[in-house]
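Trainee:
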Amino acid sequence: MFAGILASLISANLLAAEPAVKGPEKVEDWWNAGQAHIQRSEQLKPITGKARNVILFVGDGMGVSTVTAARILEGQMRGQTGEENALFFETLPHVALSKTYTWDQQTPDSAPTMTAMITGYKARDGMLSVDHTTHRGECDAGAIAKRSLPTLLEQAAEAGKATGIVTTARITHATPGATYAHTPDRDWEGDAMLPPNCGVKDIARQLVELSPTVMNSLKVALGGGRDFFRTTAQPDPEYPDRRGTRKDGRDLIEAWLASRNQLASGSRYVWDKTGFDQVDPKTTPFLLGLFEPSHMQWEADRAKDAAGEPSLSEMTRKSLAMLQGSSQGYFLHVEAGRIDHGHHAGNAKRALLDTIELAKAVKTAYEMTDPRETLIIVTADHSHVFTIAGYPHRGNPILGLVKPVPEQDGIPPDVARDAHDLPYTTLNYANGPGAKNRSPAGGRPDLVHVDTSALDYKQEAIVEFKSETHGGEDVAIYASGPKAHLIHGVMEQNWIYHVMRAAFGLSSKH
Ligand SMILES: [Zn+2]
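The opening residue of the sequence shown carries number 51 in our numbering; numbering runs sequentially from there.
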């Protein structure tokens, strides 16, 4: 909204006054910025009418420390000190905290957390949009149907709205999967992962064989994960040495095309950037884009991709252009799925660059929509054990070694040292693969000659794990548009669903 633009103008002005801040900005600038906030806030009025459209952005694993570090990195990439920067979604007017614990987990995983946001119920670890009475590995399709929880996407479809899913992860991965699939095991992405004689359909097949109402509604699905849609006999178009993973002999891409073309001719499947760019959103009734055999590239690696891939913001733009043709409005879910994977790898830079791309995607959506009729929510499913530590001075490179404010004015900042006289980085993890970087004596490595801002650098960690873990503290929710004011205070994660329902004006309890 205007408030958001004003906020970014103010921070830009602050910086324009002192481009390379070494000392304080002008005293009156701090005052003026505070006063501008008061004026904006006094004028802020809830938009109480119904939302025609809802867009739910999820930064997978985007905890508050990730947002802060990405904000600083984005500012520093523009030549600023960074701390004063705001990612686009941080300028949205309403913010709350989200309690992410699930039915059985203190620190949660993506499957039950997305289930909470999209169905209104806190579920069990590893399960998608089924209730907590579901047994792990349950293969009885009838039992799963009974325990299935209707999702907001399905309810939007029933209300006559168009729907869409965008992710940089596999389209069958936990977060996007929870919007359309119901399964007791998030790993059942393809039929090869199912136990023998299992009556429950794998997630890829559930996406292709949707109920007639949802099939009609789901106009666009973009992400990675071709392997689960292609058979073991089919070579991958981008990596000819690689084959699909389906053992049932079904080419699900052909099946998707056949079923959608029956509804409306001109439906398209694309798998590379060229194909994606050629799609005319106005004349394409249904679009499936699968841009990698598994997850799509991190934003940092996208330019090197063999066949080329669209960015998260490009996919968001195309999806909105398709959905905006709907007479009844739409629901779109957009996941930045690989922030989480960067962190799991102990690799902060990739996680932060994907967070910055998410902010760009939110800006794209905001600019393409009218805030009076579109509710935009930006949140995370869970956090990571990622910390911003030490006392680096203002403007210290966020990926660098900690250099504190010098004790005397006029002296350049020098690296800080730990109890063993070794320098350390601002960004670290409580656990993960970075714990491997021990010196031969088992102590911390000497980082003096290490480029800690290199793309592949893995930040240090205390407890060694191959994969860094999620964090259990609250995550933030940012919102604008109709009913965005209902995002406030400390909320249970599953209340997000209720806010989206209220915004759509869906009345009956399912
Ligand atoms: Zn994860």
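Every residue, glycine too, gets a C-beta built ideally from N, C-alpha and C.
Since this is a predicted model, take the numbers as computed values, not measurements.
1) If you measure from each residue's Cβ to the nearest non-hydrogen atom of ligand 1, which ones come out under 6 Å, in chain order?
2) K269: buried (16+ other C-beta within 10 angstroms of its C-beta) or exposed?
3) Taking only the alpha-carbon atoms, compute the straight-line gap between R488 and Q156 and give it to the nearest angstrom.
4) For V412, which of A485, T437 and A386 has the nearest alpha-carbon?
5) Between the alpha carbons of Y479 and V525, how many angstroms are there, rounded?
6) Looking at P343 and R292, is the spacing between their C-beta atoms short of 8 Å?
7) Near L556, what residues of its chain come up, given a Cβ to Cβ distance below 7 Å and the 5 sequence neighbours on each side ignored?
8) Take every Cβ of the region 106-113, pair it with every Cβ of the region 369-387, and state whether three or more of those distances are shorter than 8 Å.
9) Rounded C-beta distance between I427 and I546? I'm assuming under 8 Å.
10) Are the Cβ atoms of I438 and T476 separated by less than 8 Å?
11) Got a sec? Which residues, its chain only, sit under 8 Å from S61 by beta carbon, not counting five neighbours each side?
12) Taking the beta carbon of D431 as the centre, do at least 16 other beta carbons fall within 10 Å, making it buried, or is it exposed?
13) Do T324 and G358 come within 8 Å of each other at the CB atom, strictly closer than that value?
14) Could you check where the alpha helix (DSSP H) with N82 kicks off and where it finishes?
15) Please report how far the alpha carbon of A70 lies from the alpha carbon of T131, in whole angstroms.
16) Would DSSP call M541 helix, strand or coil?
17) Restricting to Cα atoms, I'd like to know which of P442, Q378, D190 and P483 is closest to V465.
18) Can W321 and L307 be called in contact, C-beta distance under 8 Å?
19) Give the range of the alpha helix (DSSP H) segment to which K354 is assigned.
20) Report the CB separation of V216 from G273 in whole angstroms; it is logged as a contact under 8 Å.
21) Within a Cβ cutoff of 6 Å, which residues of the same chain sit near L402, ignoring the five residues on either side of it in sequence?
22) Would the region 388-398 count as touching the region 504-524 if we require 3 or more Cβ pairs under 8 Å?
23) Can you find the residues in the same chain that come closer than 7 Å, C-beta to C-beta, to T561, ignoring five residues on each side of it along the sequence?
24) Considering Cα atoms alone, identify which of T414, N266 and G493 is closest to D471.
25) Would you mind giving the Cβ-Cβ distance between K211 and G450, rounded to the nearest angstrom? I have them listed as a contact below 8 Å.
26) Leaving aside the five residues before and after W153 along the sequence, list all residues of the same chain whose C-beta is less than 6 Å from its C-beta, in chain order.
27) Which residue's Cα is closest to the Cα of A271: T295, L362 and W80?
28) Measuring CB to CB, does T222 end up less than 8 Å from I253?
29) Taking only beta-carbon positions, decide if A356 is within less than 8 Å of chain D.
30) Between T125 and F139, what straight-line distance do the alpha-carbon atoms span, to the nearest angstrom?
31) Tell me, please, which residues DSSP counts as bridged to E518.
32) Is the distance from the Cβ of F436 to the Cβ of G113 below 8 Å?
33) Looking at P234 and I280, is the spacing between their C-beta atoms short of 8 Å?
34) Please state if the CB of R220 and the CB of H345 are separated by a distance shorter than 8 Å.
35) Excluding five sequence neighbours on each side, which residues of the same chain lie with their C-beta closer than 7 Å to the C-beta of G249?
36) If I'm right that R575 touches I97 with Cβ under 8 Å, what's the distance once you round it to whole angstroms?
Mentor: Taking the coordinates as given:
1) G111, S160, D390, H394 and H520
2) Indexing the sequence shown from 1 puts residue 269 at position 219. By the 10 Å Cβ count, K269 comes out buried.
3) If you number the sequence shown from 1, residue 488 lands on position 438. If you number the sequence shown from 1, residue 156 lands on position 106. Cα-Cα distance, rounded: 30 Å.
4) Position 362 of the sequence shown, counted from the start, is the residue given in the question as residue 412. Comparing Cα positions, the closest option is A386.
5) For the purposes of this step, residue 479 is taken as the residue at position 429 of the sequence shown. For the purposes of this step, residue 525 is taken as the residue at position 475 of the sequence shown. Roughly 17 Å separates the two Cα atoms.
6) Locating residue 292 in the sequence shown gives position 242, where the first residue counts as 1. Locating residue 343 in the sequence shown gives position 293, where the first residue counts as 1. A contact, by the Cβ cut-off of 8 Å.
7) Indexing the sequence shown from 1 puts residue 556 at position 506. Q205 and A209.
8) yes
9) Counting from 1 along the sequence shown, the entry for residue 427 is found at position 377. Counting from 1 along the sequence shown, the entry for residue 546 is found at position 496. So it is a contact: roughly 7 Å between Cβ atoms.
10) Within the sequence shown, residue 438 is the residue found at index 388, counting from 1. Within the sequence shown, residue 476 is the residue found at index 426, counting from 1. Yes, Cβ-Cβ distance for I438 and T476 is below 8 Å.
11) Mapped onto the sequence shown, residue 61 falls at position 11. Caution applies to S61, whose pLDDT of 42 falls short of 50 and renders its modelled position unreliable; the value that the coordinates give is listed next. A83, E134, N135 and A136.
12) Residue mapping note: residue 431 aligns to position 381 of the sequence shown, counting from 1. Classification for D431: buried.
13) Position 308 of the sequence shown, counted from the start, is the residue given in the question as residue 358. Position 274 of the sequence shown, counted from the start, is the residue given in the question as residue 324. Yes; because the gap between Cβ atoms is below 8 Å, this pair is in contact.
14) The residue labelled residue 82 in the question sits at position 32 within the sequence shown. From DSSP, the alpha helix (DSSP H) with N82 extends over V77 to Q93.
15) By one-based count along the sequence shown, residue 70 stands at place 20. By one-based count along the sequence shown, residue 131 stands at place 81. Here the model assigns A70 a pLDDT of 41, short of 50, so the residue's position is not dependable and the matter cannot be decided.
16) The count along the sequence shown starts at 1 and reaches residue 541 at position 491. Note: M541 maps to strand in three-state DSSP.
17) As a first step, residue 465 must be located in the sequence shown, where it is residue number 415. Checking every option, the nearest Cα to that of V465 belongs to P442.
18) If you number the sequence shown from 1, residue 321 lands on position 271. If you number the sequence shown from 1, residue 307 lands on position 257. No; because the gap between Cβ atoms is not below 8 Å, this pair is not in contact.
19) Your numbering for residue 354 matches position 304 in the sequence shown. Segment: none, K354 is in no alpha helix (DSSP H) and carries neither H nor E.
20) For the purposes of this step, residue 216 is identified with residue 166 of the sequence shown, where counting begins at 1. For the purposes of this step, residue 273 is identified with residue 223 of the sequence shown, where counting begins at 1. About 7 Å separates the two Cβ atoms, so the contact holds.
21) Mapped onto the sequence shown, residue 402 falls at position 352. Here the set comprises A119, A120 and L123.
22) yes
23) Residue 561 cannot be examined here, being either before or after the span of the chain that is shown, 51 to 560.
24) If you number the sequence shown from 1, residue 471 lands on position 421. Comparing Cα positions, the closest option is G493.
25) Within the sequence shown, numbered from 1, the residue matching residue 211 stands at position 161. Within the sequence shown, numbered from 1, the residue matching residue 450 stands at position 400. Not really, about 47 Å apart at Cβ, beyond 8 Å.
26) Working through the sequence shown from its first residue, we reach residue 153 at position 103. Same-chain partners within the cutoff: K172, A173, R174 and H182.
27) As a first step, residue 271 must be located in the sequence shown, where it is residue number 221. Of T295, L362 and W80, the residue nearest in Cα terms is L362.
28) Locating residue 222 in the sequence shown gives position 172, where the first residue counts as 1. Locating residue 253 in the sequence shown gives position 203, where the first residue counts as 1. In contact: T222 and I253 (Cβ atoms closer than 8 Å).
29) No chain D is present in this structure, which holds just one protein chain.
30) Your numbering for residue 125 matches position 75 in the sequence shown. Your numbering for residue 139 matches position 89 in the sequence shown. Residue 125 is actually Gly in this sequence, not Thr. One C-alpha to the other measures close to 14 Å.
31) Here residue 518 refers to the residue found at position 468 of the sequence shown. Answer is none; E518 lacks a bridge partner.
32) Locating residue 436 in the sequence shown gives position 386, counting from the first residue. Locating residue 113 in the sequence shown gives position 63, counting from the first residue. Yes, the pair counts as a contact, with Cβ atoms nearer than the cut-off.
33) For this step, residue 280 is matched to residue 230 along the sequence shown. For this step, residue 234 is matched to residue 184 along the sequence shown. Correcting the residue identity first, residue 280 is Arg in this sequence and not Ile. No, they are not a contact pair.
34) Indexing the sequence shown from 1 puts residue 345 at position 295. Indexing the sequence shown from 1 puts residue 220 at position 170. Closer than 8 Å, so yes.
35) On the sequence shown, position 199 is the one that residue 249 refers to. Only C189, D190 and A191 meet the Cβ criterion.
36) In the structure as shown, the chain starts at 51 and stops at 560, and residue 575 therefore has no counterpart that could be examined.
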